[in-house]
Amino acid sequence: MAAGKHAVTTHPTDVTADAAHGPVPARWDADRAVTVMFGEHYRSLVRMAALLVGDLATAEAIVQESFVAMHGAWRRLRDSDKALPYLRQCLVNRSRSVLRHRIVIGRNRSKPKPGLPRAERQALPLPEHAVVRALRALPLRQREALVLTYYGGLTEAQAASAMGISPGAVKSHLGRAVEALRAVLGTET
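In numbering that gives the first Met the number 0, the protein residues as written are 0 to 188.
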């Protein structure tokens, strides 16, 4: 990220000390805020994105793009307490875009000619945990609600903000998702 006229240089020791004090102080510039928040939240955001999109490399790209977007929007945020919710909302929106793109690509992919070997048929399947399989089978909004609240530890209101829906809708999606997981996982034991 380009250093501005008033950029603050940080060292890892400065970031750790500042990060331990909670929210990002409003006086910080975008570079400093992104540095601290990246150290504090990168891994948990990547895990959430990976549960939403189903692959680690894409999840990492989504989170990095979200941090870049936050850096660009830093002056508009006006309140450092809005930075983490902004990152979460970016993560959800970018995850949705990736999933929509995959659907479009899947529709437009040409069918392989019969008789030609395919890499997917020759590769050994990777073992996958039953819960992850069941999670991937959920409709998108149900998956988002579960990942944000149960894995991400967000309240229904925070999840609603990240998803761009009402807290009541989050509660509804959670209820349906939990029931669907119970049905699927109850038969797989």
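Heads up, the beta-carbon is just placed ideally off N, CA and C, and yes, glycines get one too. Given the structure is predicted, the values throughout are model-derived calculations rather than measurements.
In whole angstroms, give me the CA-to-CA distance for Glu39 and Ala32.
Going from the Cα of Glu39 to the Cα of Ala32 covers about 11 Å.
Does DSSP classify Pro84 as helix, strand or coil?
Helix at Pro84.
Any chance the segment 84 to 93 sits against the segment 37 to 57, with 3 or more Cβ pairs inside 8 Å?
Verdict: yes, contact present.
Could you give the distance in angstroms between the alpha-carbon of Leu86 and the alpha-carbon of Ala182?
Computed Cα separation, rounded: 33 Å.
Is it the case that the Cβ atoms of Ala58 and Val52 are separated by a distance below 7 Å?
Yes. Within cutoff.
Under three-state DSSP, which class holds Arg132?
Note: Arg132 maps to helix in three-state DSSP.
If Pro84 sits next to Ser160, beta carbons under 8 Å apart, how far is it from one beta carbon to the other, in whole angstroms?
That belief holds up - the Cβ atoms of Pro84 and Ser160 are roughly 5 Å apart, short of 8 Å.
For the alpha helix (DSSP H) that contains Asp30, what are its first and last residues?
It spans Ala29 to Val52 - the alpha helix (DSSP H) in which Asp30 sits, taken as one unbroken run.
Run the CB neighbour count on Val131, radius 10 Å, all protein chains shown included, and call it buried at 16 or more, exposed below.
Counting Cβ neighbours within 10 Å, Val131 comes out exposed, since fewer than 16 surround it.
Is it buried or exposed for Val146, if we count other Cβ within 10 angstroms and need 16 for buried?
It is buried - the Cβ of Val146 has at least 16 other Cβ atoms within 10 Å.
Comparing alpha-carbon positions, which option in Val177, Ala29, Leu153 and Gly167 lies nearest Arg142?
Among Val177, Ala29, Leu153 and Gly167, the Cα nearest to that of Arg142 is on Val177.
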